[in-house]
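**Student:**
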Amino acid sequence: MAAGQRLICAAGELADGGKGVRFTVDREGRAIPAFAIRYRGRVYAYINECGHVPAELDWQPGEFFDLSGLYLICAIHGALYAPDSGRCLGGRCQGRGLKPLPVQETDGNLFLMLENNDG
1 MAAGQRLICA
11 AGELADGGKG
21 VRFTVDREGR
31 AIPAFAIRYR
41 GRVYAYINEC
51 GHVPAELDWQ
61 PGEFFDLSGL
71 YLICAIHGAL
81 YAPDSGRCLG
91 GRCQGRGLKP
101 LPVQETDGNL
111 FLMLENNDG
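In UniProt numbering, the protein residues as written are 1 to 119.
1) Can at least three beta-carbon pairs, one atom from the stretch 102 to 115 and one from the stretch 59 to 76, be found at a separation below 8 Å?
2) Could you compute how far the alpha carbon of residue 90 sits from the alpha carbon of residue 82?
3) Could you give the distance in angstroms between the alpha-carbon of residue 76 and the alpha-carbon of residue 114?
4) So, are the CB atoms of residue 112 and residue 98 less than 8 Å apart?
5) Does at least one heavy atom of the ligand FMN sit under 7 Å from the Cβ of residue 5?
6) Does the distance from the C-beta atom of residue 51 to that of residue 35 stay below 8 Å?
7) For residue 90, which beta-bridge partners are listed by DSSP?
8) Is the Cβ of residue 106 closer than 8 Å to any Cβ of chain B?
9) Taking the alpha-carbon positions, what's the residue 67 to residue 6 distance?
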């Protein structure tokens, strides 16, 4: 593992449109919940917080997709988000999308690319 990276999980743990992996990032000394999912063959990661209110999206641990496996959904408000961009598609997110995190899939593992305050 290179400097500036933190292992999140084995890449095989993420199935397309399936269960995601929860993890945390450090921001200003606080552990902030985050998650990674796979969609159309690529991995994406976001801060686990609805654009409407600061509530975690998953309705069960790691369950971020709606039943179709095409959209991320807030379990509390029903807001829908595009899995590949975090963009708000409808509902109470009122145009506010998810906050993306830089990740990289290398050698069968998924890594968080650390920024100055991440850990």
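C-beta atoms are modelled at their ideal positions from N, C-alpha and C, and glycine is treated no differently.
**Tutor:** In terms of the structure at hand:
1) no
2) 10 Å
3) 30 Å
4) no
5) Inclusion of the ligand FMN in the displayed structure is not the case, the ligand content being empty and no account of it being possible.
6) Contact: no.
7) 80
8) Among the chains in the structure shown there is no chain B, since it carries only a single protein chain.
9) 31 Å
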